[in-house]
Amino acid sequence: MADDTARYTLETITDWRAWTPKLFSFRTTRPAGFCFKAGQFVRLGVTKADGGEVWRPYSMVSAPQHDYLEFYSIVVPGGEFTTALARLGVGDAVRVNRLALGFLTLDRFADGRELWLLSTGTGLAPFVSMLYEADTWRRFEKLVVVHCVREAAELAYRDLIPTLAAEAGVPELADRLVYVPVVTREAVPGVLGQRVTTLIANGELERRVGLAFDLERSRVMICGNPGMVDDTRAVLGARGFALSRRAAPGQLAVEQYW
């Protein structure tokens, strides 16, 4: 059922999972003809208590080949959008814009042998989408997924991530994955406990992974809160890493839709 403006469709929530009291993921039906690249986002719309509409961008967790859309969200205290969204459940409708957006996609890089996917919180979403794709596993010799959260309970998708090579149809490439959970506000045995930027600056992340950030080999994607994105860009920029653009290929790609 399409809106008169043809800007969006109304899609039905088919699944809802609460990871913590403040973190949840949900699936919706997929609009007919909706296309996207792994890593992109789409604007979602919900109805507020006063009847008005509010929209926000959300990266797809699901892959382009799935017949559903999946999203990962946090409840922002007092947040206009997430307050309305968190009241919904299976069977309710959300608006999905017809056009996918964003440039956090693997075609930003022309080369590279190791892909670093650095995320905080719900910034993990586009990276899960990429790992559903067989080409991601075939293209890079190592895939390093870093997910930084405050508490261990917030490590959503931690059980799914190690299975994604099989989900992508390339189980023989599973050993290319290095998954690095990071928890900053509680001590977890065997888990790193400092911010991503600190772990890069002091070399601890590279030691844990067994790889160095290298301008020739490493390609780095960053997604998370704006402060983390900016700070990580600065730390890596000091080591010569630059944003990859069409006219000037580099080693970094970021997403900031806040």
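Residue numbers (our numbering): -9 to 248.
Heads up, the beta-carbon is just placed ideally off N, CA and C, and yes, glycines get one too.
Residue i versus residue j - alpha carbon distance
i                : j              : result
serine 63        : threonine 72   : 8 angstroms
glutamine 30     : valine 86      : 14 angstroms
glycine 68       : tryptophan 127 : 40 angstroms
valine 170       : aspartate 40   : 43 angstroms
arginine 148     : glutamate 43   : 33 angstroms
leucine 0        : proline 21     : 8 angstroms
valine 139       : alanine 238    : 33 angstroms
glycine 227      : leucine 205    : 11 angstroms
threonine 187    : aspartate 5    : 35 angstroms
aspartate 165    : aspartate 125  : 15 angstroms
alanine 243      : aspartate 220  : 12 angstroms
phenylalanine 99 : alanine 143    : 33 angstroms
valine 65        : leucine 13     : 6 angstroms
threonine 233    : threonine 95   : Correcting the residue type first, residue 233 is leucine in the shown sequence and not threonine. The straight-line gap from Cα to Cα measures roughly 13 angstroms.
tyrosine 58      : valine 80      : 14 angstroms
proline 11       : leucine 145    : 13 angstroms
arginine 223     : arginine 229   : 10 angstroms
glutamate 176    : glutamate 60   : 29 angstroms
glutamate 194    : methionine 120 : 26 angstroms
Local conformation of residue i per DSSP, three classes
i             : result
glutamate 60  : strand
glutamate 43  : strand
threonine 2   : strand
leucine 75    : helix
tryptophan 9  : coil
glycine 180   : coil
methionine -9 : Only weak support exists for where methionine -9 lies, its pLDDT of 41 falling under 50; the value from the coordinates is given anyway. Looking at methionine -9 - three-state DSSP - the assignment turns out to be coil, as it is neither helix nor strand.
proline 21    : coil
proline 171   : strand
Burial state of residue i (16 or more Cβ within 10 Å)
i             : result
proline 161   : exposed
glycine 35    : buried
glutamate 104 : buried
glycine 217   : exposed
alanine 101   : One detail in the question is off: residue 101 reads as aspartate in this sequence, not alanine. By the 10 Å Cβ count, aspartate 101 comes out exposed.
glycine 200   : exposed
threonine 2   : exposed
tyrosine 122  : buried
arginine 236  : exposed
cysteine 213  : buried
valine 84     : buried
methionine -9 : Only weak support exists for where methionine -9 lies, its pLDDT of 41 falling under 50; the coordinates are left without a value.
leucine 114   : buried
Cβ of residue i within 7 angstroms of any chain C Cβ
i          : result
glycine 79 : Absence of chain C from the displayed structure is noted, only one protein chain being present.
Supposed close pair residue i, residue j - CB separation, criterion 8 angstroms
i          : j             : result
proline 54 : glutamate 245 : Going by Cβ atoms, the distance from proline 54 to glutamate 245 rounds to 17 angstroms, so no, they are not a contact pair.
valine 168 : lysine 132    : 6 angstroms
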